[in-house]
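Here the sequence shown is numbered in my numbering, starting from 105 and rising by one per residue. A short write-up of the structure that comes next.
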Amino acid sequence: MAIADRTFPAWAFRSPLRRATVRPAVLLDFCGPKLGETVADLGAGSGFFLEELRRRIGPTGRVYAVDVDARALALGQRLLTPDGPPVEFVHASAASVPEIPDASVDFALSNGLLCCLVDKTGAMDEMWRILKPGGRALVTFQTFTRGWTRRGRALRMTDDGFRRLVGRRAWTVSAGSPRRFHRTYRLDRPAGPGAERTAERAA
Ligand SMILES: C[S@@+](CC[C@H](N)C(=O)[O-])C[C@H]1O[C@@H](n2cnc3c(N)ncnc32)[C@H](O)[C@@H]1O
Numbered sequence: 105m106a107i108a109d110r111t112f113p114a115w116a117f118r119s120p121l122r123r124a125t126v127r128p129a130v131l132l133d134f135c136g137p138k139l140g141e142t143v144a145d146l147g148a149g150s151g152f153f154l155e156e157l158r159r160r161i162g163p164t165g166r167v168y169a170v171d172v173d174a175r176a177l178a179l180g181q182r183l184l185t186p187d188g189p190p191v192e193f194v195h196a197s198a199a200s201v202p203e204i205p206d207a208s209v210d211f212a213l214s215n216g217l218l219c220c221l222v223d224k225t226g227a228m229d230e231m232w233r234i235l236k237p238g239g240r241a242l243v244t245f246q247t248f249t250r251g252w253t254r255r256g257r258a259l260r261m262t263d264d265g266f267r268r269l270v271g272r273r274a275w276t277v278s279a280g281s282p283r284r285f286h287r288t289y290r291l292d293r294p295a296g297p298g299a300e301r302t303a304e305r306a307a
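Dropping the structure here:
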């Protein structure tokens, strides 16, 4: 039987406790979008990062919010303030988002996605595809899921696994400060020649 991606109750990531302890602006200061840019929030959930993303891109920017969980997206849509750039909510797996054209996104956010989906390679390939050459991504994940069950093995994101994933493409990788079970990376999709390294190279 296929292993399902990990989803959460829609309110789990919009709780007052989270609002009090996690500040999207701090994470987006490490690597975030700029005025007028197009952004994809992959595994956007109920949209915890959307207002800060919109604030940074301003009225001429554009946001895609992608998630497999329709209820989380619906809550995100409901909580969105009326002002600001448009958000296109896309109910899809981040591993296959044909709604987002090739090389159309300046900045991708993947906060906590890689430790929740099974098809990590597919998600990283999609991120590469949708980013413009010269585009960048902010990727975070938890490493606490153990590989004791088939589901745990499918969902967990290890440091070695992440190195293998980024090694499949020509990403430039910079790490933020690691915490015990939490990792933060900035990935840049190079703009110049040689940027088209593909999976074959790593195979
Ligand atoms: C840890 S939560 C983080 C949510 C959001 N990024 C935040 O920080 O509030 C991970 C999210 O990934 C979503 N997810 C899991 N598998 C997915 C997939 N294949 N494609 C897109 N989203 C997925 C879950 O539904 C959940 O909303």
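For glycine and all other residues, C-beta sits at the position ideal for the given N, C-alpha and C.
In this structure, LEU184 and VAL191 form a Cβ contact; the two beta carbons are roughly 6 Å apart against a cut-off of 8 Å. No heavy atom of ligand 1 is found nearer than 7 Å to the CB of ALA295.
Beta-bridge pairing by DSSP links THR288 to THR244.
Burial check for MET228: the Cβ neighbour count within 10 Å reaches 16 or more, so the residue is buried. Counting along the chain, VAL130 sits inside the alpha helix (DSSP H) bounded by residues 128–134. In chain order, ALA199 place their CB closer than 6 Å to the CB of GLY226, counting only its own chain and leaving out the 5 sequence neighbours on each side.
A contact between stretches requires three or more CB pairs, one per stretch, nearer than 8 Å, and the segment 157–171 meets this requirement with the segment 132–140. DSSP places ARG233 within a helical segment (H, G or I) once states are collapsed to three.
The criterion of a C-beta distance shorter than 8 Å is satisfied by GLY216 and PHE245.
Excluding sequence positions up to five before and after ASP223, its CB lies within less than 6 Å of the CB of ALA199, all in the same chain and listed in chain order.
Per DSSP, LEU213 is one residue of the beta strand (DSSP E) stretching across 209–215.
Exclusion of THR225 from the 7 Å shell around ligand 1 follows from its C-beta lying no nearer than that to any non-hydrogen atom of the ligand. Closer than 7 Å to some heavy atom of ligand 1: that does not describe the Cβ of ARG160. Set against 7 Å, the gap from the CB of GLY256 to the closest heavy atom of ligand 1 is not smaller.
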